[in-house]
Ligand code: HEM
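Residue numbers (our numbering): 1 to 412.
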């Protein structure tokens, strides 16, 4: 079939709830077909899927018309469960005024000062992991490296004792998997159990911290507990759910940034060689990290719901329309990014949308960038000849793009 006709067919039959298994290996041809033939795609369940950069940005920008409040959608999806309580309390799925207040508390707690103070610990953590990789030789780049970094960093951020960090990754994966387009009974069961266990754990941690408050200028949890000067502190259940959210938001996303980049570079000798030559150059690494985020965005999908009738890309959407924003599609839009399917580590400007945009722009953006730069820069400087060894195991999920296992061989 002619390429255009085949693309038209892909666009016509696209349904997020029924993705073919080939989609997960490489979703970008599907996104291209949608951008070209159905950029505002109505799916069989009546919701809409947006893939063009120029359609996505105005949606992010207008938070009054495009609400993040998920109660209407999550009520029927989750029922009256811990997953419903968690996801509808967390910052990301709320609108102002609650969003404004909670965001102020979180942004106030993760300031540039807090982040800058974390860099030495981050470098030590990464170097310790690299040393472990070197002694093993044959490694899993996810378990032995990418996933261990955010757990260490966010564990430090909230002051979670090292010997209590074991269950964090499993809880986080279970809670976020419940956000996939299809909620299987198993995902619901695991997610609900994880929220319940995590709440119980965090309650103990918060009670203990309340009894022994630390310096709010350096301790994020103390800062969240006491609140911002001049504002009411968060209520207990809000505080616990935001802590769960922080742990989750910063965990799999950062793992995927590191894992996806190491996977992509192993197949792209040219940008890899350029990067290795500049791995110690902080400013150039910062630019490269933006490109990694664009090229294989760790979060591929976002959601909004319309509060009134509105035109999107020339299509009239009624009130209460559910929208999926395809970050992965917008980040490969040739109208915004020349030669979008090439990784150009010097791309500048680069208005990538991997952290979203507007009032909900990722609150951990600077921490994520720092983790990406330090982890990838130090890895490449130490193991320029790393090579994948064995079949990577991809996570078969549409929202979070990443790997469960990435077997590799590393030599200094
Ligand atoms: C590469 C890593 C990361 C990526 C790609 C990422 C991506 C995103 C995206 C796309 C959103 C916006 C969702 C929306 O508008 O609907 C978001 C929100 C958020 N992220 Fe991140 N994130 C990353 C790392 C982190 C880290 C390390 C933290 C904290 C420790 C964090 C905390 C948050 C918070 C609190 C929000 C909610 C902001 C709000 O609703 O106002 N993220 N993130």
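Note that beta-carbon positions come from the ideal geometry of N, C-alpha and C, so glycine has one too.
Residue pairing by DSSP leaves residue 207 without any beta bridge partner. The beta carbon of residue 387 sits closer than 7 Å to those of 266, 408, 409, all from its chain and outside the five residues before and after it, given in chain order. Closest option to residue 107, judged by alpha-carbon separation, among 175, 382, 162, 227: 227. Our two residues, residue 12 and residue 38, have alpha carbons roughly 7 Å apart in a direct line.
By DSSP's assignment, residue 324 forms a beta bridge with 49, 303. The Cβ atoms of residue 238 and residue 89 lie closer than 8 Å to each other. Look at residue 408 here: in three-state DSSP terms it is strand.
At least 8 Å separates the beta-carbon of residue 276 from that of residue 372. Around the C-beta of residue 385, fewer than 16 other C-beta atoms lie within 10 Å, and the residue is accordingly described as exposed. Contact between residue 323 and residue 305 holds, since their C-beta atoms are separated by about 7 Å, short of 8 Å. Counting along the chain, residue 42 sits inside no alpha helix (DSSP H); it lies in the beta strand (DSSP E) bounded by residues 40-42.
The stretch 278-296 and the stretch 199-209 do not touch, with fewer than three beta-carbon pairs separated by less than 8 Å. By the Cβ criterion, the stretch 55-75 is not in contact with the stretch 200-216, since fewer than three pairs of Cβ atoms, one from each stretch, lie closer than 8 Å.
For residue 317, the uninterrupted beta strand (DSSP E) segment begins and ends at 315-317. By a beta-carbon distance limit of 8 Å, residue 352 does not contact residue 366. Their separation comes to about 15 Å. In terms of Cα proximity to residue 272, the closest of 95, 320, 380, 182 is 380. Here residue 254 is not near residue 92, since their CB atoms are 8 Å or more apart. Short note on residue 362: C-beta closer than 7 Å to some heavy atom of the ligand HEM.
Shortest gap from the CB of residue 103 to any heavy atom of the ligand HEM: under 7 Å.
Residue state for residue 310 is assigned as strand, using DSSP reduced to three classes. Within the same chain, Cβ atoms closer than 6 Å to the Cβ of residue 78 are found at 84, the five residues on either side in sequence being excluded.
The three-state reading of DSSP puts residue 297 in coil, since its state is none of H, G, I, E or B.
One thing to note: residue 382 has its Cβ no nearer than 8 Å to the Cβ of residue 125.
Residue pairing by DSSP places residue 138 opposite 409 in a beta bridge.
Beta-bridge pairing by DSSP links residue 394 to 403.
With fewer than three CB-CB distances shorter than 8 Å, the stretch 309-319 does not count as touching the stretch 288-296.
At a cut-off of 4 residues, the continuous stretches assigned as alpha helix (DSSP H) that sit fully inside the stretch 94-181 are 98-109, 112-136, 148-158, 168-177. Shown here, residue 387 sits in a strand according to DSSP, grouped into three states. Look at residue 91: its beta carbon is less than 7 Å from one of the heavy atoms in the ligand HEM.
It is roughly 27 Å from the alpha-carbon of residue 230 to the alpha-carbon of residue 204. Selection 7, 35, 58 evaluated against residue 359 yields 58 as nearest (Cα-Cα). Taking non-hydrogen atoms of the ligand HEM into account, the C-beta of residue 67 is found less than 7 Å away from none of them. Here the distance from the Cβ of residue 195 to the nearest heavy atom of the ligand HEM is not below 7 Å. Taking the CA atoms as reference points, residue 268 sits about 18 Å from residue 256. Remark: C-beta atoms of residue 151 and residue 370 do not approach each other more closely than 8 Å.
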